[in-house]
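Shown next, in structure tokens, is the structure this report addresses.
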Amino acid sequence: MKPALPDVVEVRSLYQPVVDLTTRAMVGVEALARGPAGSPFERPEDLFAAARAAGRLRDIDWLCRLSALRGALAAPLPPGQLLFVNIEPAVTDGFVPPDAVELLRHAEDMSVVVEITERDLLVDPAGLLRAVDRIRGRGWMIAVDDVGADAASLALLPFLEPDVIKLDMSFTQARGADDTASVISAVAAESGRTGARVLAEGIETERHLRSALDLGATLGQGYLFGEPAPLPRRVPEPSDVTAPPDTATDTTPMVSAVGITARRRPRDTPFAIGAAAGRVQRADGELVVSLSRRLEQQALANGPSTVVLTTIPYCFPLDTDAIAGARGVAGSGALVTVFGRDAHRAALPSLPNLRTRDIAPDDPIATEFTLIVVGPHLTAGMLARVVDDGPDPDFDYRLTYDRTVVLDAATYLLDRTSPAPDMFGPPANG
């Protein structure tokens with residue numbers, strides 16, 4: 002029988018260097034939580050497993066965050082050095098401990114990178130996106146951890162737009178060529194679009210270092226560069242570290258890779274977003290449905306790192322074709338959500354990544370027919386609206402592969418999949 006988590010838990014933080022792989026100069030540290038020394042909860046995986054079992058994940062996660070910040074402030078970590086701090090995606094209920102408010106205020110000027118673990122990444126994507134907005138509202142950066150270990154970590158990259166993409170250590174140490182190629186191509190596509198830095202974990206030998214460089218990583222961490230340890234009270238002044246250059250003369254400082262502020266939360270519906278960005282065409286239902294089915298086929302080909310969002314107009318029931326399409330895509334995609342009339346009653350298969358949301362007659366999307374596909378290599382949307390309520394209505398539609406338009410439309414729908422939690426409290430400016 003596993004021991005119960007005590008009422009009072011002492012959490013401490015160790016720090017592991019994060020380095021520039023070309024210079025081996027330290028550019029920051031990752032804070033690694035440890036439970037009470039010598040206890041059954043000293044290892045973080047045991048600590049968090051016990052916290053989950055006791056229903057105290059939120060409290061323990063906050064203890065770890067605050068410990069990481071206190072240690073970095075006390076050392077202090079030199080200005081410009083990055084502090085990577087982990088959070089649990091499942092802890093998104095808006096709770097902020099009273100003793101965190103002042104500490105967060107003191108940490109406003111730190112170069113914090115909030116690390117989102119891949120575990121449970123798709124449990125509440127809407128809450129996660131709002132939490133990311135709050136974090137960026139503080140001027141902090143975002144990293145996605147263990148990318149490639151699970152399809153979910155790739156599926157949400159286009160929405161999270163992380164500043165740092167952390168490759169799972171299995172790619173550095175040993176991974177099948179085909180599997181590696183699939184993940185690395187997706188990571189390279191996202192990094193190329195946004196400028197996100199790629200960080201390789203688990204570098205323990207010179208061979209691991211060569212593998213990390215071959216994979217396109219520019220940052221790294223692992224025992225080759227230093228074991229987790231307390232921060233010394235006097236930390237040497239940081240080097241004038243530069244980002245790994247595309248050319249020998251590149252001198253980009255190691256700051257936010259993407260420079261992204263909180264993503265604008267779209268207020269318009271998917272069709273309105275598409276119509277405002279380009280020319281709308283008119284067609285009968287047969288063509289619009291055919292185009293949407295073509296996108297479904299592309300989603301299937303895109304594999305398990307794909308998000309698909311569908312809205313069915315209120316005037317149409319969820320028919321067998323729509324159900325079959327959702328079932329097929331959900332069998333291979335990371336997340337499929339269907340909006341429609343009495344969608345919760347539809348005979349959809351019981352799959353953990355397939356969700357339904359009801360719409361009402363006066364819903365802003367009640368007249369819209371939408372099929373959105375977002376994946377590492379494909380961002381596309383069929384954004385349509387019913388023109389009349391006849392038995393065979395025409396549609397105004399826009400088929401678009403414009404990344405900004407599609408992500409805005411997809412974000413509007415993702416925002417409606419859960420309540421609006423807040424993980425890190427209000428932004429620093431109120």
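Numbering (the working numbering) for the sequence shown: 2 to 431. Backbone N, C-alpha and C fix where the C-beta goes; we use that ideal spot for every residue, glycine too.
Q: Note down the Cα distance separating residue 201 from residue 46, rounded to an integer number of angstroms.
A: 21 angstroms
Q: Please classify residue 258: does DSSP put it in a helix, a strand, or coil?
A: The predicted model places residue 258 with a pLDDT of 41, which falls under 50 and marks its position as unreliable; any figure quoted below should be read in that light. Three-state DSSP puts residue 258 in coil, outside helix and strand.
Q | Contact belief for residue 16 with residue 305 at Cβ below 8 angstroms, rounded distance in angstroms | A | Not really, about 34 angstroms apart at Cβ, beyond 8 angstroms.
Q) Ends of the alpha helix (DSSP H) at residue 299? A) 286 to 303
Q: Would you decide whether residue 32 is buried or exposed? Buried here means 16 or more other CB atoms lie within 10 Å of its CB.
A: buried
Q | Bounding residues of the alpha helix (DSSP H) (the contiguous stretch that carries residue 46) | A | 45 to 54
Q: With DSSP collapsed to three states, give me the class of residue 413.
A: helix
**Q.** Three-state class that DSSP yields for residue 17 in the structure shown
**A.** strand
Q: Assign residue 176 to buried or exposed, taking buried as 16 or more other Cβ atoms, counted over all protein chains shown, within 10 Å of its Cβ.
A: buried
Q) Which word fits residue 197, buried or exposed, when buried means at least 16 other C-beta atoms lie within 10 angstroms of its C-beta? A) buried
Q) Under a three-way DSSP split, which group does residue 228 fall into? A) coil
Q. What are the boundary residues of the alpha helix (DSSP H) that includes residue 193?
A. 178 to 195
Q. What whole-angstrom Cβ distance do residue 67 and residue 271 have, given they're in contact under 8 angstroms?
A. About 40 angstroms; that fails the 8 angstroms criterion.
Q) For the alpha helix (DSSP H) that contains residue 218, what are its first and last residues? A) Here residue 218 belongs to no alpha helix (DSSP H), and DSSP marks it neither H nor E.
Q.
Quick check on the DSSP output: the beta strand (DSSP E) that includes residue 117 runs from which residue to which?
A. 112 to 117
Q. If we call anything under 8 angstroms between Cβ atoms a contact, is residue 1 one with residue 145?
A. This structure gives no information on residue 1, because the portion of the chain shown stretches from 2 to 431.
(Q) Rounding to the nearest angstrom, what Cα-Cα distance links residue 178 and residue 157 in this structure? (A) 23 angstroms
**Q.** Rounded C-alpha distance that separates residue 404 from residue 307
**A.** 14 angstroms
Q. Do residue 74 and residue 19 have their CB atoms nearer than 8 angstroms?
A. no
Q: Could you tell me whether the Cβ atoms of residue 394 and residue 387 are closer together than 8 angstroms?
A: yes
Q) Using the beta-carbon count (16 or more within 10 Å), is residue 188 buried or exposed? A) buried
Q. Taking the alpha-carbon positions, what's the residue 418 to residue 340 distance?
A. 10 angstroms
Q: Answer with buried or exposed for residue 255, where buried requires no fewer than 16 other C-beta atoms within 10 angstroms of its C-beta.
A: The predicted position of residue 255 is uncertain, since its pLDDT is 42 and thus under 50; no value can be drawn from it.
Q: Classify residue 405 as helix, strand or coil using the three-state DSSP reduction.
A: helix
**Q.** residue 367 versus residue 360: straight-line alpha-carbon distance, rounded
**A.** 7 angstroms
Q: Grab me the residues of residue 314's own chain with a C-beta within less than 7 angstroms of its C-beta, minus the 5 sequence neighbours each way, in chain order.
A: 367, 368, 369, 370 and 387
Q | Which of helix, strand or coil DSSP assigns to residue 360 | A | coil
Q) Do you know offhand how far residue 59's Cα is from residue 277's? A) 41 angstroms
Q. Given a threshold of 16 other Cβ atoms within 10 Å of its Cβ, counted over all protein chains shown, does residue 209 qualify as buried or as exposed?
A. buried
Q.
I'd like the span of the alpha helix (DSSP H) that includes residue 35, first residue to last.
A. Element bounds for residue 35: not the alpha helix (DSSP H) but the beta strand (DSSP E), 27 to 35.
Q.
Suppose the cutoff is 7 angstroms on Cβ atoms and the five residues either side in sequence are ignored; what does the same chain contact list for residue 4 look like?
A. 41
Q: My understanding is that residue 406 touches residue 193, with C-beta atoms under 8 angstroms, so please give their C-beta distance in whole angstroms.
A: Wrong, their Cβ atoms sit about 20 angstroms apart, outside the cutoff.
Q. If residue 127 and residue 416 are in contact, beta carbons under 8 angstroms, what's the gap, nearest whole angstrom?
A. 5 angstroms
Q: Return helix, strand or coil for residue 147, following the three-state DSSP convention.
A: strand
Q. From 7, 151, 298 and 335, pick the residue whose C-alpha is nearest to that of residue 169; which is it?
A. 151
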